[in-house]
Every structure is written in structure tokens, then in C-alpha cells.
Amino acid sequence: MSGIAGKPAEHTQEGLKGIRDTGLEEVRLRAFLAHAWRTPKGFYGWLVTVDHKLIGRRYIVTAFLFLILAGLSALAMRFQLAQPEAGYIGPDLYNQLFTMHGTTMMFLFAVPVMEAFAIYLVPLMIGTRNVAFPRLNAFSYWVYLSGGMMIWIAFAFETGADAGWFSYVPLAGPEYGIGKRPDFWAQMVTYTEVSALAVAVEIIATVFKQRAPGMSLDRIPIYVWSVLVTAFVILFAMPAVMVSSTMLILDRLVGTKFFDPAAGGDALLWQHLFWFFGHPEVYIIFIPATGFVSAILPTFVRRPVFGYLGIVLSLIAIGFLSFGLWVHHMFATGLPQLGESFFTASSMMIAIPSGIQIFCWIATIWGGRPIFATPMLFVLGFIFTFVIGGLTGVMVASVPLDLQVHDTYFVVAHFHYVLVGGAVFPLLGAVYYWFPKVTGRMLSERLGRWNFWLVFLGFNLTFFPMHILGLQGMPRRVYTYPPASGWGEMNLFISLSSLVVFAGFALFFLNLLLSIRNGRIAGDNPWGASTLEWATTSPPPSYDFSRLPVVTHREPLWAEPDMLPVVEGLRVDAREVLAGTVADAVPQIRVPSADNSIWPLLSAIAVGGAFLGSIYTPWAVVWGAIPVSIGFICWFWPKGEPEDEE
Amino acid sequence: MSLASTCPTQILTGIVPGKAAQQRLRWVSAAPMLVLAGCGERQSALHAHGANARRILDLIWSFSAVAVATWLLVMLVLAAALLRRRLSETTRSPLEIDSHQERRFTRAVGSAIGLTVLVLVMLTIASFFAGKSIASLSGTETLAVRVTGHQWWWEVRYAGNDPSQSIVTANEIHVPVGEPVKVELDSLDVIHSFWVPNLAGKRDLIPGRPSQLTLIADKPGIYRGQCAEFCGYQHAHMAITVIAESREAFDAWRSRQNAVASAPSGEEERRGQQAFLSTGCALCHTIRGTPASGTVGPDLTHLASRHALAADTLAMTPGALAAWIADPQSIKPGAKMPRIALSADDLNAVVTYLGSLE
Chain A
60 MSGIAGKPAE
70 HTQEGLKGIR
80 DTGLEEVRLR
90 AFLAHAWRTP
100 KGFYGWLVTV
110 DHKLIGRRYI
120 VTAFLFLILA
130 GLSALAMRFQ
140 LAQPEAGYIG
150 PDLYNQLFTM
160 HGTTMMFLFA
170 VPVMEAFAIY
180 LVPLMIGTRN
190 VAFPRLNAFS
200 YWVYLSGGMM
210 IWIAFAFETG
220 ADAGWFSYVP
230 LAGPEYGIGK
240 RPDFWAQMVT
250 YTEVSALAVA
260 VEIIATVFKQ
270 RAPGMSLDRI
280 PIYVWSVLVT
290 AFVILFAMPA
300 VMVSSTMLIL
310 DRLVGTKFFD
320 PAAGGDALLW
330 QHLFWFFGHP
340 EVYIIFIPAT
350 GFVSAILPTF
360 VRRPVFGYLG
370 IVLSLIAIGF
380 LSFGLWVHHM
390 FATGLPQLGE
400 SFFTASSMMI
410 AIPSGIQIFC
420 WIATIWGGRP
430 IFATPMLFVL
440 GFIFTFVIGG
450 LTGVMVASVP
460 LDLQVHDTYF
470 VVAHFHYVLV
480 GGAVFPLLGA
490 VYYWFPKVTG
500 RMLSERLGRW
510 NFWLVFLGFN
520 LTFFPMHILG
530 LQGMPRRVYT
540 YPPASGWGEM
550 NLFISLSSLV
560 VFAGFALFFL
570 NLLLSIRNGR
580 IAGDNPWGAS
590 TLEWATTSPP
600 PSYDFSRLPV
610 VTHREPLWAE
620 PDMLPVVEGL
630 RVDAREVLAG
640 TVADAVPQIR
650 VPSADNSIWP
660 LLSAIAVGGA
670 FLGSIYTPWA
680 VVWGAIPVSI
690 GFICWFWPKG
700 EPEDEE
Chain B
627 MSLASTCPTQ
637 ILTGIVPGKA
647 AQQRLRWVSA
657 APMLVLAGCG
667 ERQSALHAHG
677 ANARRILDLI
687 WSFSAVAVAT
697 WLLVMLVLAA
707 ALLRRRLSET
717 TRSPLEIDSH
727 QERRFTRAVG
737 SAIGLTVLVL
747 VMLTIASFFA
757 GKSIASLSGT
767 ETLAVRVTGH
777 QWWWEVRYAG
787 NDPSQSIVTA
797 NEIHVPVGEP
807 VKVELDSLDV
817 IHSFWVPNLA
827 GKRDLIPGRP
837 SQLTLIADKP
847 GIYRGQCAEF
857 CGYQHAHMAI
867 TVIAESREAF
877 DAWRSRQNAV
887 ASAPSGEEER
897 RGQQAFLSTG
907 CALCHTIRGT
917 PASGTVGPDL
927 THLASRHALA
937 ADTLAMTPGA
947 LAAWIADPQS
957 IKPGAKMPRI
967 ALSADDLNAV
977 VTYLGSLE
């Protein structure tokens, strides 16, 4: 227990332990809280912090660095494909490039960046001071970072994964996988899934238990609903891929025969396991993006989202339905007719909840008065683009139709419309929207507009022609194509257009770098938004809120623009958060919140060492368990501080 | 010499060097006459030349029409919503909710959802019947072809009534026009996918899980297909051609293929055969009627009757054949065929010999 400049006993009135915020004047309150929630200065502080904002921020920065790497891989591929039979990049490098592009975009950029935003925003949006398991949060970041670094360092040493982001066996199996390439892929997947599961658990616990008093289920911001649903999808989808990547490395490392048909295994089993995860994966990326839209849109049309209940139910429906579509990635493997019809119907059905959301957003715009700021432009670009991706999604849901377009550029176009149009556009909008909260400064609107139009036009010029290319017979994942195919001109056009997208992203990063120093000072609530994160300062203090708010309305800052009601009676001399009931957020108990610690980092290093070693020898699992156990024991060692017994 | 000039017109204009090869200009003579489809349309789902592909093309057009109409409708409503009214500069305070308007929204969104469900049901039914009609083709076949995927070429077998009638070739399927053909698919290494878009949708070749597909070609012609499941280094150069011809032409082709290889005639061809058998080629390739009986690579018994080389990567010309044998790794990096050191004379002789295998 820390005693700073005050007298620890001063506020232990009525037999209460510790210093409470009741009646404390604002300056002293902030001094106490800043001390209790501080992160040590310097490099060591950077290693031990458990502040959700610092961890969220570094997660976001890391994810965007991986986006740059994956984007440059794509640019290299477009260079090679600009002409038929071009000789710039041979098949060996090309196969690594497209595998690294897909793997990085899916595992190291899209999923982590969505989780990163949740880590940063959820505690602020629901009015608490940290996520539920702060050290697990720190651990998850280190595991993610080391997994991502491992696969890219391997790539630098010509051991980049090269069997595609879905690493089908037998191509990735013991007989045909090249060197250690598939092993690095499999272990990187296991790494990132560990970190994704950790974050999912935190989010669920935080949203269920730590909401501000009064934030009943029907007052949770839609964005928070979206990450909650996503966390559940992660919880049920990720184990499938962890099981399959572990089976793959067992096949490769110790000679199990899970996927070897000659020994009674089954090559198709991999596809079922992978896509049972792989299809929900798309929604793990897409659902939070729709949450961004539902958060941004009301602010820029000056009215609450229309159809709150409908949208929340749609999110939950998408979460459930996302588990019933995986076979539509496998139509070409051959299915009985009944199976075909079932998966066609389920794949089409998911268009209904997605449609409900689109209709509700349009109604929201209809009933509001649009302000065309950059975040809003990205939301509109999202609707324009995502509807195309959704409709081509309906096309590929049809089994016969899919048999022509599957594994062609049509599908490449389709999923980029869904993932870039459906998730990256809202994400960029979210960066413009929340950058002022995170840094205290506004991004440049002028650069923002250029950024939007270049990315939006460049994207559509790059990816729309791919639909036609696919129907004209161009398969995906080819490092070149014959001149006689007639695909050359369109590929050249696509490659040139991709430079426009590249320029748009260059402006985006330029805008970030310029504005972080020179941007206009934002103030607490520059957009006049309605949710709780805008009630605290920009950037928020380490303790998020000096007094935890009480929520009386779905749009708290619009309902009570002048002064929010607040909670009293929390300790200010130790880290403490308030836990309440799941449905109505009625406060139940004050819960201590974990302090800074070096052990999450050391445990992550131990886990990373075990994973890395297991690429080379199964014994790494045995010996690696020792440092891992030491790390976890020290992490969870009782601190000798009695729990608060009230 | 250009790579991958597989368009038939380019085959005719291909450079034909080499003195011995001059006599063999008849290579691939029959094929170009059959060609109807233009360049760039020989591997396209948009130019259906068979019942299977045509059924799907109809589906593609109807789905596309619905998609375009839906998208336009959504964009129109969105544009109307955006342009309805602008915010006056002074009022940034949140708008009051008009409960009357909210009720109208509920009705509008409800009808839009109803319409969506209706359209989806119709599309599902259309898809179901297209699938059924394609499935109804199976069982009516008059001919079976067994296609086995290899990294990175296709082995093609026609089973005869007795083993002496069965034939083996590679990367080229001949079918009689208008007759349903059963293509039996299997793979011995990794997963491939058989896809000839002008004729039918694709079907994966999964090791340990034989599958099949029914093809019909309505018109005589050469249709190009390509492996559609990523299968490693040379996935991009794993093509196959389907040659649809009259029943008479097909039967004639089949009986020619059934014969053993013609014996070498002349000094050059004999030298070529000698070099072929002594330098290791025979370890991987079969030429029926000679001691060469390897099964790793394609059967070469009637190599010169085929119209392309290396899984439709090169046109079948003496120059291309020489280039391929001299250095396969520069044309298909990673391919299983190694570079074999041959003297220039031996190389020419091997090309001449293989060129005689019609």
C-alpha cells in the first residue's frame, strides 16, 4: 500500500480501509490516482506496464507495421504480375510473398488491430479504469509481437511460409513442405491464437463485469457489443485452428499421420478444421468494423443509430451464423447435394443480418444531418464498397457458381471488397475518429480527404477488374500467366491502380506523423460525440476517469451534456475497479486491479522460446515447460496483501 | 523463342529451326483446324461451350443482374439520404428523435429485409436447380478418362476393354463432341484442381479421395484448363487442354495412341533414341516399344502428336522442345525434370527422335 504526500489514515472514516475519493477535492484526487495507476518512467516502465491504453497503443502501432510489410509484399506481387511471363520474381519468392501477405494481413494485422482498438477503447467506453486481466493483456501483446517477429525474421532468412495462408496439406505436410517453412507458419499461428484468446477473455470479463453503474445491456455502445460478440467468436473459432496447426506440426515433427491418407489420415480433415476457424475469422475482422461504423455514424449525422436492438441482434446472429458457413470454402472438394444446399442456404442467410445493419445505417443517415468529415467519408466508402463485396458473397454462396469462380481472381476481388472495403475502410475512419482521443491532437482534414479519395478510388480500380479477370479464367496464386491468355492488359491496369492505393496509404502515414506533433489541439470531445470515452481528457490519464461515471442513458454525453453523475467511495491509493451485475451493471464489489509487473514479459519470452524450439525438436516442449512454469509461478505468486474483505 | 505461346495461331507461326526437324513440320497439324474460339477465350467461364458451363454461366448472369440492381438501389437510397438536408453551420447539438419518423423507418427497414429474404430465397432455388441439372449429367457418360494430378502435369489414361486397349498420355484430353465424358480425378502427391472453364466448373483432386466430373463439349475446339488449387512452385504452369473433335477423328486418334512408338528411322533418330535411353531420360519417362519405362514423368510414346509441351507451357515445336530438354529449370523453375548435360549434337538428335514420335 502506497502512502504519498497525504496521511493514509485521513479518510479511513467509518472503519473503511484506504483513502477514498469521497469528498476529496479534484487536485488531490488526481494526484492520488496518478500515483496509484502510474507506469514507471523510462524503458523499464515500458516493459512492465499493464495500462490498457499503452498496451492498446503499441498493439495498434505494431499491427500497422505489419500492414506495411504485408502491403509491400502485395506491391511486389503486382510488379511481377504487371506483364505476362515477367521474370522479376520467381515462383520460390512469389509463393512466399503471397503466403506472407495473406498470413500477415489475417493473423498479424486484421485480427490484432481490431483487438487492439478494443483493448484501448472498451474500458473508456464502459467507464472503468483498466481491462479485467491487465497482466494477461500485457502478456498477450508480447506473445503476439514475438510470433510476428519470428515469422518475418524467418522470411528474411528465406524460410518464409510458402504454402498459402491456409497452408493446405499435403503441400504443407511432412512430405511436400519445404524445409522449416510450414513449421514457422504453424507456430506463428499458435502464438497469435494464444494472444487472441487472451484478449477475448479479457474483453468478455471486462464488458460483463466492469461496466459503469447504470450501463445495463441495452445501454452498451454498439461498438462494445460488436467486440463482445467478436470475443465469443474468437473463443470458439480459434481453438479449431490451434488444434489443426498443432496437428500439422506433430505430423511434421514427430511423424503422426493426421493428414496422411496413405496411413489412414485425411487431407480433407485439415480443410474442415481450418475453415471452421477460417470463416469465423472473416467475421472476427468484420464485426468490430461494423462496430466502428455504428460508433462513427451517429456522431456525424447528429442523431443516435436507428434500430439499436436490430443491430445488436444482427451482430449476435452474425456471430452464430459465422460458424455454419465454413464448407463454402470447400465446394470444389465435392459434397453430397443435401450438404451443398444446406451450406448454400446458410451462406446466403448471413446476408440478412448484414443487410439489416446496412438498412439501419441508411435510415440513421436519412433521419440525421450528415457532416462530411474524414471519418464519415470512410464510413460512406465502406457502405459503397462493402455492399459490392456482400453481393459477390451471395454469388459465391451458390455451389455451381462457386465452382467456376472458386480459387480465381473473382474470389480475390470478393474477399478484398469484404476485408478492405468492409473492415479496413471503417478502421481508417476509426483512426481519424479516435486519433484525437489517443493523442490529444486532430489529424489533418485536408490530408485526410486526399487519403480517403486515393485509397477509395485506387482500391476500386485495383480490385473491381479482378472480378472480370477471374471469370475470364485467371486462377489465383499464380506467379505468372501466358501472354496468349489475354489477361495482360487488365493486369497491367490493376498493377498501376495499386500504386494509387499505395500513395493513399503513404498519405495516411504521413498524416499520422505530421499530426502527432503539429495537429490542432483536440480537447475532450472534438466531434461532439455521445459515448463515455469523450468524457475524459485527450489523451486520457492513466486512471481513465478521475471519478467513474454513472450512466443513465444510451447516449450519456448527449443526455447529460453538462455534468455526468459519478460514483463515490472508491479507493484512490491503490488500483481498484468497480464490478457490477452482468445484465444491469448494478455495482456489487470493489475489485483490486493488478499492478505493473515484469513477469508477463518474461513468461511470454519463455513461451516464445518453447514455441520456437519446438520447430526444431519435440523436446523443446519438455524443457521449455520449466521456464514457462517459473514465469507463471512468479506472475501469480501471492503478494501477501490481504484481499479487501468488505 | 517465346514462352507459353499456346494460342494455336502462334503454334503455326512458331519458329521451326533444325535441319532434321524440317521433315517433321506436320507436328500438331490437325489441331489448329479445329479451333473456333479466339485467343483469350479458350479458358474463360464467360464463353461456355458445354452444358455444364452454360448452366453456370446462366447462373452467373442472373446473379450478377440481381447484384447490380440491388447495389444501385442501395446506393440511390443512400444518396437520397445524404442529400436530403445539410447541417446548418450553427447547430451541432444532437437532433431530437421524431417518433413518427422512427416508425416509418421501422416499416421501411422491415420491408427492405422482407425483400432481401425473398431475393435470397429465389437465388437459392435457382442455384439448387442449376446444381441439380448439372448433377443429372452424371451417369449418362459414353466415355471415361482418368486424370491424375502430379506436380506439375496431368497424366491422362483411357481404359480400354482389355489392357492392350488402354492408352496413356499427358496434359491433353481428346473427347468426342457432344458426348458426355466422365473425368475420374485423383492425385498422387498434393491437392490439385481440374478446371476447364469453357466446359465445366472445377473439381479438386485430393490424394486418397478419388472424385469425378462430367464434361460435354458442344462444339469442336481446343479448350484450355489450368490447375486451380495452389500446388507448389509451378502451379502457374500446370495447364491441360481438352480437344473436342468428331467421333471419327476421336476414334482415329485413339487407335493411333494405342500403337507402340514408331521405330527410329534414319541415323539422326537412332542416335537420338540411343541418347534418350542412355542418359537417364528413361528413368522417368516411358516410350512404349522401347526399354524406356519410367513412370515419374509423362509418357512420351506419342509426344509429337500433342500440341504443347510441359503442361501447355510451350508450343510443340522443335525449338521449344530443344529449349525444354536443354534447361527445364529456366522455363519451369522447381519442376521435377532435372537439367541433363547433353552435347549439342545429342540434344538435336533427341529432339529429332522425340519429334518422330507421333
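Listed in order, the protein sequences are those of chains A and B. So the first sequence is residues 60 to 705, counted in my numbering. So the second sequence is residues 627 to 984, counted in my numbering. Here a beta-carbon is modelled for each residue, glycine too, at the ideal position from N, C-alpha and C. Fair warning: this is a prediction, and the values are worked out from it, not measured in the lab.
Just to confirm the assignment, what range does the alpha helix (DSSP H) spanning residue i have?
| i | result |
| --- | --- |
| K808 of chain B | Run containing K808 of chain B: none in the alpha helix (DSSP H); it sits in the beta strand (DSSP E), V807 to S813. |
| V703 of chain B | A677 to L709 |
| L973 of chain B | A970 to G981 |
| S837 of chain B | Premise fails: S837 of chain B lies in the beta strand (DSSP E), S837 to L841, not in any alpha helix (DSSP H). |
| P229 of chain A | Taken as a continuous stretch (DSSP letters only), P229 of chain A belongs to no alpha helix (DSSP H), as it is neither H nor E. |
| T289 of chain A | I281 to L312 |
| T732 of chain B | S725 to A761 |
| L328 of chain A | A326 to V360 |
| S719 of chain B | No alpha helix (DSSP H) holds S719 of chain B; DSSP gives it neither H nor E. |
| G448 of chain A | T433 to A456 |
Residue i by DSSP, collapsed to three states: which one?
| i | result |
| --- | --- |
| G563 of chain A | helix |
| H818 of chain B | strand |
| W678 of chain A | helix |
| W586 of chain A | coil |
| I237 of chain A | coil |
| I913 of chain B | coil |
| V687 of chain A | helix |
| P792 of chain A | This structure does not reach residue 792 of chain A, given that chain A is present from 60 up to 705, and the question cannot be answered. |
| P634 of chain B | Bear in mind that a pLDDT of 42 at P634 of chain B, under 50, signals an unreliable position, so the model cannot answer this. |
| V794 of chain B | strand |
| A656 of chain B | Unreliable positioning characterises A656 of chain B in this predicted model, as indicated by a pLDDT of 39, which lies under 50. A coordinate reading is not provided. |
| A663 of chain B | A caution first: A663 of chain B carries a pLDDT of 45, below 50, which makes its placement in the model too unreliable to give a value. |
| I832 of chain B | strand |
Determine the closest residue to residue i out of the options, with distance taken between C-alpha atoms.
| i | options | result |
| --- | --- | --- |
| S861 of chain B | B:P833, B:W879 and B:H818 | Before going further, note that residue 861 of chain B is His rather than Ser in the sequence given. Checked all of B:P833, B:W879 and B:H818; the closest Cα to H861 of chain B is B:H818. |
| L935 of chain B | B:I793, B:W778 and B:G898 | B:W778 |
| G923 of chain B | B:L973, B:K962, B:E722 and B:D938 | B:K962 |
| S759 of chain B | B:L698, B:D724 and B:R680 | B:R680 |
| S556 of chain A | A:V514, A:Q531, A:G115 and A:R89 | A:V514 |
| L204 of chain A | A:I447, A:L450, A:V172 and A:A422 | A:V172 |
| L573 of chain A | A:I78, A:L502, A:V286 and A:W512 | A:L502 |
Just mark residue i as buried or exposed, buried being the case when its beta carbon has 16 or more other beta carbons within 10 Å.
| i | result |
| --- | --- |
| C693 of chain A | exposed |
| I580 of chain A | exposed |
| A245 of chain A | buried |
| P233 of chain A | buried |
| K100 of chain A | exposed |
| I279 of chain A | buried |
| V360 of chain A | buried |
Is any heavy atom of the ligand ZN found at a distance shorter than 7 Å from the C-beta of residue i?
| i | result |
| --- | --- |
| D325 of chain A | Inclusion of the ligand ZN in the displayed structure is not the case, the ligand content being empty and no account of it being possible. |
Considering residue i, what are the terminal residues of the beta strand (DSSP E) in which it resides?
| i | result |
| --- | --- |
| T867 of chain B | A865 to E871 |
| E635 of chain A | E635 to G639 |
| I848 of chain B | G847 to Q852 |
| I793 of chain A | In the structure displayed, chain A extends from 60 to 705; residue 793 of chain A sits before or after that span and is not available. |
| P598 of chain A | Premise fails: P598 of chain A is in no beta strand (DSSP E) and is neither H nor E. |
| T774 of chain B | L769 to H776 |
| R783 of chain B | W779 to Y784 |
Chain A contacts made by the stretch 817-848 of chain B, where a contact means CB separation under 7 Å: I817, S819, P823, G827, K828, R829, D830, I832, P833, G834, R835 and S837
Near-chain A residues of the stretch 952-963 of chain B - C-beta to any C-beta below 9 Å: K958, P959 and G960
Taking beta-carbon pairs under 8 Å, can you tell me which members of the stretch 409-435 of chain A lie near chain B? A410, I411, G414, I415, I417, F418, C419, I421, A422, I424, W425, G426, G427, R428, P429 and I430
Taking only beta carbons into account, state which residues of the stretch 217-238 of chain A come closer than 7 Å to chain B, listed in chain order. G223, Y227, P229, L230 and Y235
Using a Cβ-Cβ cut-off of less than 7 Å, list which residues of the stretch 521-539 of chain A approach chain B; keep chain order. L530, Q531, G532, P534, R536, V537, Y538 and T539
Short-range partners of chain B found in the stretch 396-407 of chain A, where Cβ spacing is below 7 Å: Q396, E399, S400, T403, A404 and M407
Below 8 Å between beta carbons is the criterion; list the residues of the stretch 719-747 of chain B that meet it against any residue of chain A, in chain order. S719, P720, L721, I723, D724, Q727, E728, F731, T732, A734, V735, A738, I739, T742, V743 and L746
Which residues, in chain order, does the stretch 128-162 of chain A contribute to contact with chain B at a C-beta distance below 8 Å? P143, E144, G149, P150, D151 and N154
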